[in-house]
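Structure first, then comments.
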Amino acid sequence: MAAASNKTKTTWFCKNCGYESPKWLGRCPSCGQWNTMAESTVVTGKATSAHGSFSAPGGFSVPGQTRTPRRLSEIDMGSEARISLCNKEVDRILGGGIVEGSLVLIGGEPGIGKSTLSLQIPLFCPSMKTLYVSGEESVRQVRMRAERLGGDSSNCFILSETCIEEILKHAQELAPELMVVDSVQTMYTQTVESTAGSVAQIRESAAILLRFAKETGIPVILIGHITKEGYIAGPKILEHIVDVVLQFEGEPRGAYRILRSIKNRFGSTSEIAVFEMTGTGLREVENPSEMLIPMHESGLSGTAIAAMLDGVRPFLFEVQALVSSAAYGTAQRSATGFDVRRLNMLLAVLEKRAGFKLGQKDVFLNMAGGLRITDTSCDLAVVASVLSSNFDFPIPPDVCFAGEVGLSGEIRPVGQTERRVAEAARLGFKRIYISSFTRLATQPASPTSGQSGPSETPLIDIVRVADIAALVRKLFK
Ligand code: TYD
Ligand code: MG
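Using this note's numbering, the letters of the sequence shown correspond one by one to residues 80 to 556.
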């Protein structure tokens with residue numbers, strides 16, 4: 080408990096980005112969100128610690144290491160030891176196994192499979208002594224889940240506990256090779272006087288776990304829930320504390336899940352891993368394009384795949400259009416997940432510059448999966464899907480698009496085309512349409528020949544188009 084010398088103060092934290100303010104604010108000055116400030120009581124000053132150094136914020140000493148400044152060139156480099164988690168996809172996304180002493184955050188919506196994955200890892204890696212701490216489920220519930228998953232549970236220790244200081248005490252005694260903490264929202268530390276799940280608790284708990292990992296060398300996997308309102312009350316706050324952020328995405332009703340690396344201090348963030356949720360846990364999907372194929376087997380017209388970027392993360396998704404004769408005098412235009420004014424502009428360009436008479440047609444546009452797209456780089460996919468529906472001519476399922484459409488019907492280049500091309504190739508696409516004016520830093524393939532580029536990138540044919548007329552010629556002939 081807090082010592083008498085400690086002071087408590089009331090602070091306001093932004094639930095979206097963790098910004099701290101001494102008073103309530105309607106709008107967070109850091110992230111610009113409205114109504115996100117939440118009150119929290121924080122104990123300041125030197126906290127008494129129940130378990131030695133772990134609970135004291137700051138003031139740590141790493142055993143065997145001095146804290147005096149040293150020349151960078153004198154630091155031993157060969158110490159970044161990685162431990163395989165016996166799961167090919169997770170190992171790959173981490174950059175070749177988990178780094179000793181690292182703190183890895185796995186975020187995702189409730190029910191997406193975070194607990195399943197983090198329990199599956201120790202069960203299928205029995206040579207590794209693991210401590211699995213659950214703050215959400217009883218030990219019996221975890222046992223039942225483990226039975227379902229199969230594997231070998233003889234070297235997996237389970238603890239149902241929510242107090243960080245208690246957890247660290249047990250972890251020090253047990254000395255596991257890996258610790259899993261499920262979830263950060265249920266944990267609390269005695270050094271902060273607010274309820275579990277509050278911004279102050281989440282931040283402090285994670286900071287203590289980070290120091291524990293760094294000091295002992297035990298890698299820690301921390302699980303965090305993401306709220307439905309998109310951005311993350313919790314993990315978002317933690318992004319800059321932890322070493323690695325992996326995000327679990329997917330439709331909870333669908334079978335497929337994508338694990339995406341958002342931040343990785345020890346590897347690249349352009350990796351994704353795909354899993355399928357089965358009756359006996361998560362199966363690694365080695366060829367992710369199988370995820371997109373079922374939607375396209377029937378060869379329907381009116382769908383096109385856009386290669387998008389979400390921040391720095393490339394991803395592919397489906398644009399759907401339906402063009403039909405207007406039932407009433409005036410044509411309807413409706414768009415879900417896309418700006419209807421931009422749709423109108425694209426239709427006007429199609430009419431004026433390429434001669435498609437869409438004035439008397441109803442046009443409905445939908446971004447699959449409930450996505451909301453504001454990026455102009457999916458213009459080309461929108462135009463392709465509208466034309467495909469209009470001609471009732473299906474676009475092959477292994478084709479995707481990345482390009483902006485200008486007012487004179489020209490196809491304009493979009494940013495980071497290389498990443499989009501690489502992601503499309505990785506997902507098994509065979510052809511991508513981009514602007515003729517794109518300059519690729521690394522030329523993965525020649526424009527028309529479909530020859531391979533550098534040997535490590537899978538084959539993808541890059542088709543360059545200068546305007547809508549060229550797109551129509553190349554796509555629908
Ligand atoms: P879970 O790992 O509990 O999600 P999270 O920890 O992210 O909240 O996964 C929950 C869902 O996964 C649940 O709806 C049931 C389903 N599931 C399976 O389909 N197969 C399985 O073998 C397991 C263990 C869970
Ligand atoms: Mg869970």
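Beta carbons are placed, not taken as given, at the ideal position from N, Cα and C, and that holds for glycine.
### Task
To the nearest angstrom, report how far apart Leu538 and Ala504 are at their CA atoms.
Taking the sequence shown and counting its residues from 1, the one referred to as residue 538 is at position 459. Taking the sequence shown and counting its residues from 1, the one referred to as residue 504 is at position 425. Distance between the alpha carbons of Leu538 and Ala504: 7 Å.
### Task
Check Asp418 in the structure and name its three-state DSSP category.
Locating residue 418 in the sequence shown gives position 339, where the first residue counts as 1. Residue state, collapsed to three classes: coil.
### Query
Comparing the CB of Lys94 with every heavy atom of ligand 1, is any distance shorter than 7 Å?
For the purposes of this step, residue 94 is taken as residue 15 along the sequence shown, with counting starting at 1. Flag unset: Cβ of Lys94 not near ligand 1.
### Cβ shell of Asp546 (< 7 Å), same chain only, five flanking positions each side left out
The residue given as residue 546 occupies position 467 in the sequence shown. Excluding sequence neighbours, Asp546 sits near Gly488, Glu489 and Ile490.
### Query
Grouping DSSP H, G and I as helix and E and B as strand, with all else coil, what is Ala160?
In the sequence shown, the residue the question calls residue 160 occupies position 81. Coil, per DSSP.
### Message
Using the three-state DSSP reduction, which class does Arg150 fall into: helix, strand or coil?
### Response
If you number the sequence shown from 1, residue 150 lands on position 71. DSSP places Arg150 in coil when its eight states are reduced to three.
#### Entry: According to DSSP, residues forming a beta bridge with His304
Here residue 304 is taken as the residue at index 225 of the sequence shown, counted from 1. His304 is bridged to Gly187.
### Query
Hey, Cys479 and Ile511: beta-carbon distance below 8 Å or not?
Here residue 479 corresponds to residue number 400 of the sequence shown, with the count starting at 1. Here residue 511 corresponds to residue number 432 of the sequence shown, with the count starting at 1. Their beta carbons are under 8 Å apart, which means Cys479 touches Ile511 by this criterion.
### Message
Spatial neighbours of Glu118 within its chain, please: C-beta separation below 7 Å, excluding the five flanking residues on both sides.
### Response
Taking the first residue of the sequence shown as position 1, residue 118 is located at position 39. Same-chain partners within the cutoff: Thr89 and Trp91.
### Task
Assign Phe354 to buried or exposed, taking buried as 16 or more other Cβ atoms, counted over all protein chains shown, within 10 Å of its Cβ.
Residue mapping note: residue 354 aligns to position 275 of the sequence shown, counting from 1. Answer is buried; the Cβ neighbour count reaches 16.
### Message
If you reduce the DSSP assignment to three classes, tell me which class Gln399 lands in.
### Response
Numbered from 1 along the sequence shown, position 320 holds the residue referred to as residue 399. Correct three-state label for Gln399: strand.
### Query
What's the C-alpha gap between Thr415 and Gln439?
What you label residue 415 is simply residue 336 of the sequence shown in a count that begins at 1. What you label residue 439 is simply residue 360 of the sequence shown in a count that begins at 1. Distance between the alpha carbons of Thr415 and Gln439: 21 Å.
### Query
Near ligand 2, which residues have their beta-carbon closer than 6 Å to a heavy atom?
Lys193, Ser194, Glu215 and Asp261
### Message
Please classify Tyr98 as buried or exposed, where buried requires at least 16 other C-beta atoms within 10 Å of its C-beta.
### Response
Within the sequence shown, the letter at position 19 stands for residue 98. Classification for Tyr98: buried.
### Gly190 CB to nearest heavy atom of ligand 1 below 7 Å
As a first step, residue 190 must be located in the sequence shown, where it is residue number 111. Within the cutoff, so yes.
### Query
Quick one: does the C-beta of Thr357 sit closer than 7 Å to a heavy atom of ligand 1?
Along the sequence shown, read from residue 1 onward, the residue named residue 357 stands at position 278. Yes - ligand 1 has a heavy atom lying nearer than 7 Å to the Cβ of Thr357.
#### Entry: Rounded separation between Gln269 and Glu153 - CA only
Working through the sequence shown from its first residue, we reach residue 269 at position 190. Working through the sequence shown from its first residue, we reach residue 153 at position 74. If you take the alpha carbons of Gln269 and Glu153, they lie about 39 Å apart.
### Task
Put Asn469 into one of helix, strand or coil per three-state DSSP.
The sequence position of residue 469 within the sequence shown is 390, counting from 1. The answer is helix: DSSP assigns Asn469 an H, G or I state.
### Query
Comparing alpha-carbon positions, which option in Arg552, Lys94, Leu338 and Glu502 lies nearest Pro393?
Sequence index remark: in the sequence shown, residue 393 carries index 314 (1-based). Considering only alpha carbons, the answer is Glu502.
#### Entry: Heavy atom of ligand 1 within 7 Å of Leu228 beta-carbon
If you number the sequence shown from 1, residue 228 lands on position 149. Under cutoff, so the answer is yes.
### Query
Residues in its own chain within less than 6 Å of Leu104 by CB, not counting five upstream and five downstream?
Indexing the sequence shown from 1 puts residue 104 at position 25. Cβ within range, chain order: Met116.
### Message
Is Arg499 close to ligand 1? I mean its beta-carbon at under 7 Å from any heavy atom of the ligand.
### Response
Position 420 of the sequence shown, counted from the start, is the residue given in the question as residue 499. Arg499 Cβ: outside cutoff for every heavy atom of ligand 1.
### Length of the line joining the Cα atoms of Gln251 and Ile200
Your numbering for residue 251 matches position 172 in the sequence shown. Your numbering for residue 200 matches position 121 in the sequence shown. Straight-line Cα distance between these residues: approximately 21 Å.
### Task
Measure the C-alpha to C-alpha separation of Glu240 and Leu554 and round it to an integer number of angstroms.
The count along the sequence shown starts at 1 and reaches residue 240 at position 161. The count along the sequence shown starts at 1 and reaches residue 554 at position 475. Approximately 59 Å, taken between the alpha carbons.
### Task
Taking Lys248 as part of the alpha helix (DSSP H), name the residues at either end of that continuous run.
As a first step, residue 248 must be located in the sequence shown, where it is residue number 169. Ile243 to Leu253 is the extent of the alpha helix (DSSP H) around Lys248.
### Task
Compare the C-alpha of Lys383 against each of Ile185, Ser233 and Ser468 and name the closest.
As a working note, residue 383 is residue 304 in the sequence shown. As written in the sequence, residue 383 is Ala, which differs from the Lys given in the question. Residue Ser468 is the option with its Cα nearest to Ala383.
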